[in-house]
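Everything below concerns the one structure shown next.
Chains as they are written, first to last, in my numbering: chain G, 1016 to 1361; chain C, 1016 to 1361.
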């Protein structure tokens, strides 16, 4: 996947690993993977030739072209990605919700009072409709019971153990196998071209960090997400960080640019999302000077994944679809832009 | 400064740039810079041979020795540094306080009411004692007037303009010239050995980011500091982030491990501080498993810099000095461990 094509003066070593300009040219010609010469390797083999792929390749070529009008120094090549529905699937509900349910079940023997206390009782009986009917207050109680009161390391362990064994309810696959192969290729391609890749997700920051590095190649310090409080204290003389219920960041909608500024401190030049929760992140990214690429992953493939947008309760996408054209945002069709959806089992 | 000495199998390219093991050996022999062979270059030329330098070199050698018992993968080589008093000076008061004073003076023409309103009136008259007598409430009013109500970009601009022109009141040097040459060498040496270097400071995150990359080689996303709120909104159709007075993180004492977990999500293996505000950061770093290096910069050089510790109002150091021996923390004497203090003017 790393093909040293050219090395113009002044470019960093990383700039030269892929030869972005060559690929942009191929994409513009409508060449498909496999049609390229034996000497070149397509950095995005799971992307069909088409406007989305061409736009990505042309953008990367432009910002890495030393001396070119759109050149961006490596330090400023910040790319941000929503997680749920952008890097991995989010149906029939956010995967973190399965973690909450499984944790409640695992913790139930230590909490006999949950047998009669809502929403725990309904959840333990498998009555999710009743849980949902309990509204936000009930969901916050479930979140508090599974995400607070333990040390940061205990929570990390509970996530790591769960993610290693839990299976998606309809596909039966591990959740970390329900990541999108075209997006893994894109992350790798960007990093090969000197980009720093960040997750900026409405999901919990501490829920994503334990597996994001292995799954996406994104280290903990490049994960931004919704954040609860932490309290430093000594337990038996040993320092610990206790997770508290304080909401430090709701990393959704207007919270996404806030999380970006707080954690990254620099405006991204590229942003990928899939729902209206990502609208402000794309808007903030696009409003900066110089070259920008904002894109929406459109879930329009009911055969290989799921088809949903305006009416979906999870990952609703309406405003973004309406605005994309006028704002110059790229809409990626999972159906026609991707040759495959999920990464091979690893 | 980069001397490729050896490249054992399995080490990354970065591991091999310095040849840390060779340097640890030289330091152990008590060799001074200049006494080493012509083929080797001291990565820390402003550090005198002595226990502090030997400890640093031995630590870096140990964690980068592929297959060694203390080997740490590059992704986990996180090093954190306090800023005020650790990377740059902090006397006669935190440099950010000079920024506040200068900003109040610059903004005064637009605020005629400040002529009679405290603590602004005292500050504008140069009566800092009266300002201090106003206590925390007065200082917060000054902070609010200079750090909130503007966009993140307007604030960044005000910092950049100030740092480019402001001078230290007694040395007359630009504040960014009052950084410690031995620490610049240490940051560079660590990065050359695959470490990721972070600032973790009680100072304002948005105050440090505009100049930290140029001054220290530390990009905005690796700066952790005290943080105020941000509010996303549209002004004339253009998205902006407005700085608000909400205290999101007080990155001092117990707040430092909280800031580390929130921003980095991984426990550092190395931490440098200089005051009791850094105590918990050193404690948190040292309490992790495997090799750890925690160190305190001791301001004991009244000739070349300042001499202060237990009784100082700025950068008070008492508990850390008392605890260092028993906890295995390295105490760096600016007087005897450093051949020079300040970086040459640039």
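Note that the Cβ used here is the ideal one computed from N, Cα and C, for glycine as well.
This structure is a prediction, so every number in the text was calculated from the model and none was measured.
Cut-off 8 angstroms between Cβ atoms - residues of its own chain near residue i, not counting five sequence neighbours on either side
{"i": "residue 993(C)", "result": "The structure shown does not extend to residue 993(C), since chain C spans only 1016 to 1361, so no value can be given for it."}
{"i": "residue 1175(G)", "result": "1225 and 1226"}
{"i": "residue 1344(G)", "result": "1297, 1301, 1309, 1310, 1311, 1335 and 1338"}
{"i": "residue 1083(C)", "result": "1077"}
{"i": "residue 1177(G)", "result": "1114, 1117 and 1118"}
CB contact below 8 angstroms: residue i versus chain G
{"i": "residue 1307(C)", "result": "no"}
{"i": "residue 1067(C)", "result": "no"}
{"i": "residue 1172(C)", "result": "no"}
{"i": "residue 1331(C)", "result": "no"}
{"i": "residue 1302(C)", "result": "yes"}
{"i": "residue 1090(C)", "result": "yes"}
{"i": "residue 1206(C)", "result": "no"}
{"i": "residue 1224(C)", "result": "yes"}
{"i": "residue 1105(C)", "result": "no"}
{"i": "residue 1269(C)", "result": "yes"}
{"i": "residue 1200(C)", "result": "no"}
{"i": "residue 1228(C)", "result": "yes"}
{"i": "residue 1355(C)", "result": "no"}
Residue i versus the options, residue with shortest Cα-Cα distance
{"i": "residue 1075(C)", "options": "1064(C), 1058(C) and 1063(C)", "result": "1058(C)"}
{"i": "residue 1268(C)", "options": "1200(C), 1109(C) and 1290(C)", "result": "1290(C)"}
{"i": "residue 1102(G)", "options": "1175(G), 1212(G) and 1170(G)", "result": "1212(G)"}
{"i": "residue 1277(C)", "options": "1322(C), 1138(C), 1092(C) and 1237(C)", "result": "1237(C)"}
{"i": "residue 965(G)", "options": "1157(G), 1125(G) and 1089(G)", "result": "Absent from the model: residue 965(G). The displayed extent of chain G is 1016 to 1361, so no value can be given."}
{"i": "residue 1067(C)", "options": "1312(C), 1202(C) and 1179(C)", "result": "1312(C)"}
{"i": "residue 1208(G)", "options": "1350(G), 1345(G), 1072(G) and 1351(G)", "result": "1072(G)"}
{"i": "residue 1108(C)", "options": "1147(C), 1359(C), 1089(C) and 1253(C)", "result": "1147(C)"}
{"i": "residue 1168(G)", "options": "1349(C), 1331(C), 1346(C) and 1304(C)", "result": "1304(C)"}
{"i": "residue 1280(C)", "options": "1330(G), 1144(G), 1080(G) and 1170(G)", "result": "1170(G)"}
{"i": "residue 1320(G)", "options": "1151(G), 1126(G) and 1186(G)", "result": "1186(G)"}
{"i": "residue 1328(C)", "options": "1340(C), 1055(C), 1105(C) and 1089(C)", "result": "1105(C)"}
{"i": "residue 1359(C)", "options": "1197(C), 1204(C) and 1331(C)", "result": "1197(C)"}
{"i": "residue 1316(C)", "options": "1265(C), 1221(C) and 1348(C)", "result": "1348(C)"}
{"i": "residue 1331(C)", "options": "1318(C), 1299(C), 1340(C) and 1288(C)", "result": "1288(C)"}
{"i": "residue 1195(C)", "options": "1221(C), 1173(C), 1181(C) and 1230(C)", "result": "1230(C)"}
{"i": "residue 1221(C)", "options": "1206(C), 1239(C), 1205(C) and 1204(C)", "result": "1239(C)"}
{"i": "residue 1155(C)", "options": "1172(C), 1134(C), 1141(C) and 1173(C)", "result": "1134(C)"}
{"i": "residue 1246(C)", "options": "1299(G), 1065(G) and 1210(G)", "result": "1299(G)"}
{"i": "residue 1295(G)", "options": "1252(C), 1204(C), 1266(C) and 1357(C)", "result": "1252(C)"}
Residue i: CB within 7 angstroms of a non-hydrogen atom of the ligand ADP
{"i": "residue 1079(C)", "result": "Annotation note on the ligand ADP: not contained in the displayed structure, which lists no ligands."}
Sequence-distant residues of its chain with Cβ nearer than 7 angstroms to residue i (five each side left out)
{"i": "residue 1183(C)", "result": "1190 and 1193"}
{"i": "residue 1078(C)", "result": "1085, 1086, 1087, 1092, 1284 and 1306"}
{"i": "residue 1243(C)", "result": "1162, 1163, 1258, 1259, 1260, 1261, 1262 and 1263"}
{"i": "residue 1166(C)", "result": "1255, 1256 and 1257"}
{"i": "residue 1123(C)", "result": "1129 and 1139"}
{"i": "residue 1248(C)", "result": "1255 and 1257"}
{"i": "residue 1159(G)", "result": "1260"}
Residue-chain proximity (residue i, chain C), Cβ-Cβ < 8 angstroms
{"i": "residue 1169(G)", "result": "no"}
{"i": "residue 1236(G)", "result": "yes"}
{"i": "residue 1334(G)", "result": "no"}
{"i": "residue 1342(G)", "result": "no"}
{"i": "residue 1052(G)", "result": "For residue 1052(G), the predicted model reports a pLDDT of 46, less than 50, meaning its position is unreliable and no value from the coordinates is stated."}
{"i": "residue 1326(G)", "result": "no"}
{"i": "residue 1359(G)", "result": "no"}
Close beta carbons around residue i, own chain, < 6 angstroms, minus the five adjacent residues each side
{"i": "residue 1200(G)", "result": "1059 and 1061"}
{"i": "residue 1095(C)", "result": "1213, 1215, 1283 and 1286"}
{"i": "residue 1323(C)", "result": "1314"}
{"i": "residue 1143(C)", "result": "none"}
8 angstroms contact criterion, which residue i and residue j should meet: CB distance rounded
{"i": "residue 1136(C)", "j": "residue 1129(C)", "result": "6 angstroms"}
{"i": "residue 1352(G)", "j": "residue 1098(G)", "result": "Their Cβ separation, rounded to whole angstroms, is 19 angstroms, which puts residue 1352(G) and residue 1098(G) out of contact at 8 angstroms."}
{"i": "residue 1111(C)", "j": "residue 1218(C)", "result": "5 angstroms"}
{"i": "residue 1342(G)", "j": "residue 1333(G)", "result": "Contact flag wrong, Cβ pair sits at about 15 angstroms."}
{"i": "residue 1232(G)", "j": "residue 1206(G)", "result": "7 angstroms"}
Partners in chain A for residue i, counting only beta-carbon separations shorter than 9 angstroms
{"i": "residue 1272(C)", "result": "In the structure shown, chain A does not exist; the protein chains are G and C."}
Item to complete: May I ask you to list, following chain order, the residues of the region 1274 to 1300 of chain C that have a beta carbon less than 7 angstroms from some beta carbon of chain G?
Response: 1276, 1277, 1278, 1279, 1280, 1281, 1295, 1298 and 1299
Item to complete: Mind checking the region 1243 to 1255 of chain G against chain C and listing, in chain order, the residues whose C-beta falls within less than 7 angstroms of any C-beta there?
Response: Along the region 1243 to 1255 of chain G, going in chain order, the ones with a CB nearer than 7 angstroms to a CB of chain C are 1245, 1247, 1253 and 1254.
Worksheet item: Got a sec: which bits of the region 1176 to 1196 of chain G sit with their beta carbon under 7 angstroms from any beta carbon on chain C, in order along the chain?
Response: Of all residues in the region 1176 to 1196 of chain G, none has a Cβ within less than 7 angstroms of some Cβ in chain C.
Worksheet item: Closer than 7 angstroms, Cβ to any Cβ of chain C: which residues of the region 1118 to 1150 of chain G, in chain order?
Response: none
Fill in: the region 1058 to 1088 of chain G: positions lying closer than 7 angstroms to chain C by Cβ
none
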